[in-house]
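Heads up: the sequence lines are chains L and R, in that order. Note that our numbering has the first sequence beginning at 1, numbered continuously upward. Note that our numbering has the second sequence beginning at 1001, numbered continuously upward.
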Amino acid sequence: MSNITAAAPKSQKSFWENMKARKGQRILVIVLFMIVPLTLLAVFTYIPFFEMIRFSFYNMKYGGQEGTWVGINNYIEVFKRSECFKSLLVSVYYMGGAVIQLALALFFATMFVFHVKGRGFFKGAMFFPYLICGIAVGFIFKFFYARGFVLDSLLQMFGMNIEDIPYWLQDQSINNISLAATSVWRYTGQNMVLFLGAMMSVDTDLYEAASLDGANKWHQFLYIILPSIKSIVVLNLILSISGSLSAFEPPYVITNGTMGTGTYFVIMNRLAHENQKVGLACAMAIVLLAIIVICTVAQNLFFKYVFNDGTEDESKAAVRAKKRAAKAAGKTGSGKGGIS
Amino acid sequence: MTIMRMKPSTFLFTVFKYVVIILASIVALLPIVVCVLTAFKTTEEYNATSVLDLPASFLYFENFAVALKQANMFRGFLNTGVVLVVVLLVSIFTGSMLAYVLNRFKFKGSGVIHNLFMFAALIPGIATQVTVYQIMYSLHLINHLYGYMIVLMGTDIISIYIFLQFFENLPVSLDESAIMDGCTYFGVFFKILFPLLKPAIVTSLVLKGVGVYNEYYMSNLYLQDKNLKTISTALYTFTGPFGNQYNYICAGVLITIIPIFILFLIFQEQVYSGMASGAVKG
């Protein structure tokens, strides 16, 4: 009897000790596991970020000394200075390229969903450009587009006269298209692999059943493939907008931003590291970041209100959508109006 | 199914499918193939023949030797190799540990920290380098390989993101039963959870590895010493001395591509699945 009563507080105590130890351990784990990444995050992301905001209001150079306060003049200059503003327009070419690239990726991914002999080889061939470093891509296409070299020789082989072939990199009406095409070449395969991954997660029985029901390829694409990948397509579309603004290496190597091909980063790099206009470069970075934040917010809103894949729990939006759908169904009497 | 038994529309679709796929593969490979052809040509041959002509011999390695020597590419490979190994190793541990804490422990500020990392992912790397440069300068990290490694680890949000996603799908009951058995939190992480992270580790190795191998901008800024060039900055030196001697430049380009090509052949499936799981969101 006495043994038991003596044992009880003892076990209780060790339980408490245990809890205490757990608590201490918990704090230790949290601190130890987070200290390195948090320090790095602070030093290489947030301190530079706030410094960037501060510098964007100054006219300053590298190397310690404080610059002069110029208020929002740098921001005004981003939009007034022709090279900066023009570089935003140059990005439009890359955005156009991104749309073409997504469409091509979607198309080829669809082709690969159906039985293809030698799929591994073809898929690998299309994907491989993504793995090549940007500088190498730059050289490959500098060579490709150079007057009288690869592309020109090819066109001549097909019977074109050299006089009729434009200067791919010098002609200002097309050189940005040539450069944006290198991005399409580089990223189409990667996008395709992403889409294919999402498409293959669809139960293959569905395709069988659909084709037995007499659905043609187009219908299969429209009703089976597309719904399964719409969110990843939209995600990539929005990512490609920030990607278009961030295009750097190919124009940097191929034309170094001359002849009207300076993308935003090429110009920013030149202003910061060659012209030492640190304040202006910081203002450019902030403007870029603002654009990217707006795109991301738009993306999140889009996912929240347009797609409710039913994968999430009943979010407010989903509930609202359902109510709306029910209302619509009640009014028109049609069953359509639910959100897939 | 034989061709004879196919419906005409199915047959047409099959033809169309192969034509477009073969065309696309040619477009994807052609710029690289022409580089291969050119890299094996002597300078006289390069000047005399069309770029589309085959070289006289595929055993002429002089251009590669010149490229390797001129751009000091061995050194570049060595530097990139060291950076790759260290950065990948460290970021796998720091990334997974951070994700473990953020996913498994709820404490004051954990949400804020989570969001800080997510917001950091939005900031494009090149944009902040204007001010990172000054920090690197004041910390005396410029022109040291370790400085470059540190900045690469510091801008590593991808692997954190991947690990966070992966932890969401690891049941907490695993942790709980291990703790019942008297495991410490360290034990839970290193003995129970870390081995389960293998797919996420592969994904982050692929994405981060490709990123580091191909990284140019920061390497150019922070490793200006001739002996500290990485493979991409070594390649960039070809803009100067070789001008239009593309037989040398193509050789240099191929030298940078070959290692990644071999790795791709070996790890194709891991690369594809890494790509796919790294991008799927929502």
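The beta carbon of each residue, even a glycine, is placed where N, CA and C say it ideally should be. Quantities reported herein were computed from a predicted structural model and do not represent experimental measurements.
- At a beta-carbon threshold of 9 Å, the residues of chain L lying near R:C1250 are F139, I140 and F143, ordered along the chain.
- Around the beta carbon of L:W168, a 10 Å sphere encloses 16 or more other beta carbons of the protein chains shown; the residue is thus reported as buried.
- Inclusion of R:V1253 and L:A136 in the CB contact set at 8 Å is warranted, their separation being smaller than that value.
- Under the 10 Å beta carbon count, L:M126 is surrounded by 16 or more other beta carbons and is classified as buried.
- Assigned with DSSP and collapsed to three states, R:Y1060 falls in coil, not helix or strand.
- Within chain L, no residue has its beta carbon less than 9 Å from that of R:A1065; the closest one is some 18 Å off.
- Contact annotation, R:I1135 with L:V43: C-beta distance approximately 6 Å; criterion of less than 8 Å satisfied.
- Here L:T261 carries a coil assignment [DSSP, helix/strand/coil].
- At a cut-off of 8 Å between beta-carbon atoms, R:S1050 makes contact with chain L.
- Taking 8 Å as the upper bound for CB-CB distance, R:T1128 and L:T45 are in contact here, some 7 Å apart.
- The segment 1154-1172 of chain R and the segment 279-288 of chain L do not touch, with fewer than 3 CB-CB distances between them shorter than 8 Å.
- Each residue's CA atom was taken as its position, placing L:Y305 and L:I232 some 16 Å apart.
- The C-beta distance from L:E249 to L:G97 rounds to 15 Å, too long to fall under 8 Å, and the pair is not in contact.
- By the CB criterion at 8 Å, L:V253 and R:P1031 fall outside the cutoff.
- R:T1080 is the residue among R:E1176, R:T1080, R:T1094 and R:L1037 whose C-alpha sits nearest the C-alpha of R:Y1146.
- For L:F114, the chain R residues whose C-beta falls within less than 7 Å of its own C-beta are K1017, listed in chain order.
- By the rule that beta-carbons nearer than 8 Å mark a contact, L:G97 does not touch chain R.
- Neighbours of R:S1232 in chain L, taken as residues at a C-beta separation under 7 Å, are given in chain order as C133 and I135.
- Secondary structure note for L:K217: its alpha helix (DSSP H) is the uninterrupted segment K217 to Q220.
- It is roughly 8 Å from the alpha-carbon of R:D1053 to the alpha-carbon of R:L1037.
- A contact between stretches requires three or more CB pairs, one per stretch, nearer than 8 Å, and the segment 1229-1248 of chain R fails this requirement with the segment 1149-1163 of chain R.
- Residues of the segment 62-85 of chain L with a Cβ closer than 8 Å to any Cβ of chain R, in chain order: Y62.
- Per DSSP, the continuous alpha helix (DSSP H) segment holding L:K230 begins and ends at L226 to L245.
- Shown here, R:T1184 sits in coil according to DSSP, grouped into three states, outside any helix or strand.
- Listed as beta-bridge partners of L:Y58 by DSSP are L:W69.
- With a threshold of 16 other beta carbon atoms within 10 Å, R:F1074 falls short and is exposed.
- Residue range V278 to Y305 is occupied by the alpha helix (DSSP H) that includes L:M284.
- R:I1123 belongs to the set of residues whose beta carbon lies under 8 Å from a beta carbon in chain L.
- Using a Cβ-Cβ cut-off of 7 Å, L:K217 is close to F1013 of chain R, given in chain order.
- 8 Å or more divides the Cβ of L:L222 from the Cβ of R:M1275.
- Under the Cβ criterion (8 Å, minimum of three pairs), the segment 59-78 of chain L does not count as touching the segment 1221-1231 of chain R.
- Its chain contains A98 as the residues whose beta carbon lies nearer than 7 Å to that of L:G243, once the 5 sequence neighbours on both sides are disregarded; these appear in chain order.
- Taking a cut-off of 8 Å for Cβ pairs, the segment 24-34 of chain L and the segment 1088-1106 of chain R touch, as three or more such pairs fall below it.
- Per DSSP, R:I1158 is one residue of the alpha helix (DSSP H) stretching across I1158 to E1168.
- At a Cβ-Cβ threshold of 8 Å, L:V116 and L:F122 count as neighbours.
- Residues I1162, G1274, S1277 and G1278 of the same chain have their beta carbon placed closer than 6 Å to that of R:T1203, with the five preceding and five following residues left out of the count.
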